[in-house]
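Asker:
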Amino acid sequence: MRKVVFILGILCGLVWAQPKALIAEGRFQEAYAQALEANTAKSLALAAQAASFQAIYLAENDAEREMWFSRAEQAARRAIELDPNYAEGYFELGRALGRLAQYRGILQSLFLASEVRNVLNKTLELDPQHAGARTALALWNLELAQRGVGFLYGARMDRVIPLFEEAIALEPEVIIHRVEYAEALSRMNRTEQARAQLEAALSLPAQSARDRFDQERARRMLAELE
């Protein structure tokens, strides 16, 4: 019996690892299909991640981006159904909903704002060291505060920088935190601080296709600041 359990554990690990490797290579659509088929909470969260990355980095137009973010939302919701205590499921749902708000009408976007906050807070409740959720919450606070509706949801500008700083302290080698922080600083008219974060992002080693995409974005942003 123990041998059977051991073998099943190895097989489950392989099912999870294969889509993760495809994501690292930038083969997001393949990763999405494989992870979706596995149909576990972990694999579905990976499917949601792959779908979001396809939308962010490779989609060619808004219709395609909205389609992939919708797929990410569906996969993340299914992950949560299978395991209500899996932090990554909530984080991927927050990422997908936050992006989908860009393509929905103003009323639906405002409705989504509450759910994004709730699922990101749930991520941190389940995993207090989750750096990605902090970066996402920083962007959530920035977006709503700059739109002038922050008071409706508890979003505040004075939370943006502390949340980014916490994310970077937890994951100093993760490029996306610094690129998103630079974007936020630029929007806050803190140009020199934004430049410093972009330079830091470009000094880090790229470990995946996503890192390379993010560094290319950093180069474009840095050129715009010159």
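Residues 1 to 226 (the UniProt record's numbering) are what the sequence shown spells out, left to right. Positions of the beta carbon are idealized from the N, C-alpha and C atoms, including for glycine. Predicted model only: the values in this text are computed from it and were never measured.
#1: Spatial neighbours of residue 22 within its chain, please: CB distance less than 8 angstroms, with the 5 preceding and 5 following residues excluded, ordered by chain position.
#2: For residue 135, I'd like the list of residues in its chain whose CB is within less than 6 angstroms of its CB, leaving aside the five on either flank, ordered along the chain.
#3: Short of 7 angstroms in beta carbon distance, which residues of its chain neighbour residue 73, apart from the five on each side in sequence? Order them along the chain.
#4: Rounded C-beta distance between residue 183 and residue 221? I'm assuming under 8 angstroms.
#5: On a CA-only basis, which of 191, 46, 59 is nearest residue 90? Give me that one, please.
#6: Can you name, in chain order, every residue of its own chain whose Cβ lies under 6 angstroms from the Cβ of residue 155, other than the five neighbours on each side?
#7: Below 7 angstroms CB to CB, which residues in the same chain sit around residue 127 once its five sequence neighbours on both sides are set aside?
#8: Does residue 191 come out as helix, strand or coil in the three-state DSSP assignment?
#9: Check the C-beta distance from residue 133 over to residue 123 and give it rounded, since I have them as a contact under 8 angstroms.
#10: Taking only three categories from DSSP, how would you classify residue 128?
#11: If we ignore side chains and look at the alpha-carbon of each, how far apart do residue 207 and residue 215 end up?
#12: Cα separation between residue 226 and residue 219?
#13: Please list, in chain order, all residues of the same chain as residue 185 whose beta carbon is under 7 angstroms from its beta carbon, the five residues on each side excluded.
Answerer: Working from what's here:
#1: As a first step, residue 22 must be located in the sequence shown, where it is residue number 22. Contacts found: 28, 30, 31, 34, 50.
#2: The residue labelled residue 135 in the question sits at position 135 within the sequence shown. Result list for residue 135: 167, 177, 180, in chain order.
#3: Sequence index remark: in the sequence shown, residue 73 carries index 73 (1-based). Correct list, in chain order: 93, 96, 97, 100.
#4: Reading the sequence shown from its first residue, position 183 is the one you call residue 183. Reading the sequence shown from its first residue, position 221 is the one you call residue 221. Residue 183 to residue 221, Cβ: 7 angstroms. Contact.
#5: On the sequence shown, residue 90 is found 90 positions in, with the first residue counted as 1. Among 191, 46, 59, the Cα nearest to that of residue 90 belongs to 46.
#6: On the sequence shown, residue 155 is found 155 positions in, with the first residue counted as 1. 141, 144, 145, listed in sequence order.
#7: Translated into positions along the sequence shown, residue 127 becomes position 127. Correct list, in chain order: 87.
#8: For the purposes of this step, residue 191 is identified with residue 191 of the sequence shown, where counting begins at 1. Looking at residue 191 - three-state DSSP - the assignment turns out to be helix.
#9: The residue labelled residue 133 in the question sits at position 133 within the sequence shown. The residue labelled residue 123 in the question sits at position 123 within the sequence shown. Correct: roughly 4 angstroms between the Cβ atoms.
#10: Mapped onto the sequence shown, residue 128 falls at position 128. Of the three classes helix, strand and coil, the one that applies to residue 128 here is coil, per DSSP.
#11: On the sequence shown, residue 207 is found 207 positions in, with the first residue counted as 1. On the sequence shown, residue 215 is found 215 positions in, with the first residue counted as 1. Each residue's Cα considered, the two are about 11 angstroms apart.
#12: The residue you call residue 226 lines up with position 226 of the sequence shown. The residue you call residue 219 lines up with position 219 of the sequence shown. Using only the alpha carbons, I get a separation of about 11 angstroms.
#13: Here residue 185 refers to the residue found at position 185 of the sequence shown. Correct list, in chain order: 193, 194, 197.
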